[in-house]
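Residue numbers (the UniProt record's numbering): 1 to 119.
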(Lines of atoms letter the chains of each structure in order from A; the text may use other names.)
(Lines give C-alpha, C1' and ligand atoms only; values in the text may rest on other atoms or scores of the structure.)
Protein backbone atom coordinates (compact mmCIF):
# COMPACT_ATOMS: atom_id res chain seq x y z
CA UNK A 1 0.00 0.00 0.00
CA UNK A 2 1.32 3.42 -0.94
CA UNK A 3 1.13 6.16 1.64
CA UNK A 4 1.77 8.93 -0.91
CA UNK A 5 0.75 9.50 -4.49
CA UNK A 6 3.33 8.42 -7.04
CA UNK A 7 3.39 10.44 -10.27
CA UNK A 8 4.86 9.08 -13.50
CA UNK A 9 5.12 11.10 -16.71
CA UNK A 10 5.91 9.45 -20.01
CA UNK A 11 6.53 10.92 -23.43
CA UNK A 12 8.53 10.29 -26.57
CA UNK A 13 9.45 11.83 -29.88
CA UNK A 14 11.37 14.81 -28.47
CA UNK A 15 12.76 15.25 -31.98
CA UNK A 16 9.53 17.06 -32.83
CA UNK A 17 10.11 19.62 -30.10
CA UNK A 18 12.58 22.50 -30.20
CA UNK A 19 13.15 24.65 -27.14
CA UNK A 20 11.92 24.56 -23.57
CA UNK A 21 8.62 23.31 -22.27
CA UNK A 22 6.07 25.85 -21.11
CA UNK A 23 7.00 26.32 -17.48
CA UNK A 24 6.20 25.13 -15.00
CA UNK A 25 5.88 21.53 -16.10
CA UNK A 26 4.04 19.32 -13.64
CA UNK A 27 6.35 17.81 -11.03
CA UNK A 28 6.58 14.05 -11.21
CA UNK A 29 8.46 11.32 -9.42
CA UNK A 30 9.55 9.49 -12.58
CA UNK A 31 9.88 10.83 -16.10
CA UNK A 32 10.29 8.20 -18.83
CA UNK A 33 11.24 9.34 -22.32
CA UNK A 34 10.43 6.48 -24.69
CA UNK A 35 12.53 6.93 -27.79
CA UNK A 36 13.29 9.25 -30.66
CA UNK A 37 15.30 11.85 -28.80
CA UNK A 38 16.31 13.40 -32.16
CA UNK A 39 15.43 13.13 -35.84
CA UNK A 40 18.67 11.35 -36.83
CA UNK A 41 21.08 11.59 -33.89
CA UNK A 42 24.06 13.87 -33.55
CA UNK A 43 25.86 15.37 -30.58
CA UNK A 44 24.45 18.90 -31.02
CA UNK A 45 20.85 17.61 -31.04
CA UNK A 46 21.51 15.31 -28.09
CA UNK A 47 22.85 18.27 -26.10
CA UNK A 48 19.66 20.24 -26.88
CA UNK A 49 17.55 17.30 -25.75
CA UNK A 50 19.48 16.90 -22.50
CA UNK A 51 19.11 20.63 -21.84
CA UNK A 52 15.35 20.38 -22.46
CA UNK A 53 15.04 17.35 -20.17
CA UNK A 54 16.95 19.26 -17.50
CA UNK A 55 14.09 21.78 -17.27
CA UNK A 56 11.62 19.12 -16.13
CA UNK A 57 11.06 18.74 -12.38
CA UNK A 58 11.33 14.99 -11.75
CA UNK A 59 13.09 12.91 -9.13
CA UNK A 60 14.13 10.33 -11.73
CA UNK A 61 14.51 10.95 -15.48
CA UNK A 62 14.95 7.83 -17.58
CA UNK A 63 15.76 7.94 -21.29
CA UNK A 64 15.48 5.16 -23.88
CA UNK A 65 16.83 5.72 -27.40
CA UNK A 66 14.59 5.18 -30.40
CA UNK A 67 15.15 4.19 -34.01
CA UNK A 68 15.84 7.83 -34.97
CA UNK A 69 18.75 8.02 -32.52
CA UNK A 70 21.02 6.20 -34.92
CA UNK A 71 24.42 6.79 -33.40
CA UNK A 72 23.24 5.42 -30.05
CA UNK A 73 22.95 2.03 -31.78
CA UNK A 74 26.43 0.65 -32.45
CA UNK A 75 25.19 -1.41 -35.40
CA UNK A 76 22.87 0.99 -37.25
CA UNK A 77 25.21 1.53 -40.20
CA UNK A 78 27.31 -1.60 -39.95
CA UNK A 79 27.33 -4.41 -42.45
CA UNK A 80 28.30 -7.88 -41.22
CA UNK A 81 31.37 -7.97 -43.44
CA UNK A 82 32.73 -4.45 -42.81
CA UNK A 83 33.74 -2.23 -39.92
CA UNK A 84 33.46 1.57 -39.99
CA UNK A 85 35.66 3.27 -37.38
CA UNK A 86 33.93 6.64 -37.85
CA UNK A 87 30.52 5.12 -37.04
CA UNK A 88 32.02 3.41 -33.98
CA UNK A 89 33.62 6.70 -32.82
CA UNK A 90 30.31 8.57 -33.21
CA UNK A 91 28.55 5.87 -31.19
CA UNK A 92 31.11 6.05 -28.38
CA UNK A 93 30.89 9.87 -28.28
CA UNK A 94 27.08 9.76 -28.15
CA UNK A 95 27.03 7.17 -25.35
CA UNK A 96 29.66 9.16 -23.41
CA UNK A 97 27.46 12.26 -23.65
CA UNK A 98 24.32 10.48 -22.39
CA UNK A 99 26.23 8.83 -19.53
CA UNK A 100 28.53 11.77 -18.76
CA UNK A 101 28.52 14.91 -16.62
CA UNK A 102 26.15 16.97 -18.82
CA UNK A 103 23.40 14.33 -18.59
CA UNK A 104 24.07 13.74 -14.90
CA UNK A 105 23.83 17.49 -14.20
CA UNK A 106 20.41 17.45 -15.91
CA UNK A 107 19.38 14.47 -13.76
CA UNK A 108 19.09 12.17 -16.78
CA UNK A 109 19.80 8.42 -16.70
CA UNK A 110 20.31 6.79 -20.10
CA UNK A 111 19.09 3.18 -20.24
CA UNK A 112 20.78 0.80 -22.64
CA UNK A 113 19.19 -2.37 -23.95
CA UNK A 114 18.85 -5.09 -21.34
CA UNK A 115 17.95 -5.27 -17.67
CA UNK A 116 18.54 -2.11 -15.66
CA UNK A 117 18.44 -1.70 -11.89
CA UNK A 118 17.74 1.66 -10.28
CA UNK A 119 18.11 2.62 -6.66
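Cβ atoms here follow ideal geometry from the backbone N, Cα and C, with glycine treated the same way.
Whole-angstrom distance between residue j and residue i, CA atom to CA atom
i: residue 98; j: residue 90; result: 13 Å
i: residue 76; j: residue 115; result: 21 Å
i: residue 113; j: residue 84; result: 22 Å
i: residue 52; j: residue 38; result: 12 Å
i: residue 68; j: residue 48; result: 15 Å
i: residue 118; j: residue 82; result: 36 Å
C-beta contact flag for residue i and residue j at 7 Å
i: residue 70; j: residue 100; result: no
i: residue 96; j: residue 54; result: no
i: residue 50; j: residue 87; result: no
Best match in the options for proximity to residue i [C-alpha to C-alpha]
i: residue 61; options: 74, 51 and 32; result: 32
i: residue 64; options: 86, 72 and 47; result: 72
i: residue 59; options: 82, 45, 36 and 8; result: 8
i: residue 57; options: 25, 115, 118 and 92; result: 25
i: residue 34; options: 66, 92, 82 and 28; result: 66
i: residue 74; options: 82, 68 and 92; result: 92
Spatial neighbours of residue i in its chain, beta-carbon cut-off 7 Å, leaving aside the 5 residues before and after
i: residue 94; result: 41, 43, 46, 71 and 72
i: residue 110; result: 63, 98, 99 and 103
i: residue 28; result: 7, 8, 9 and 58
Nonlocal neighbours in the same chain, by C-beta distance under 6 Å from residue i, ignoring five residues either side
i: residue 30; result: 8 and 60
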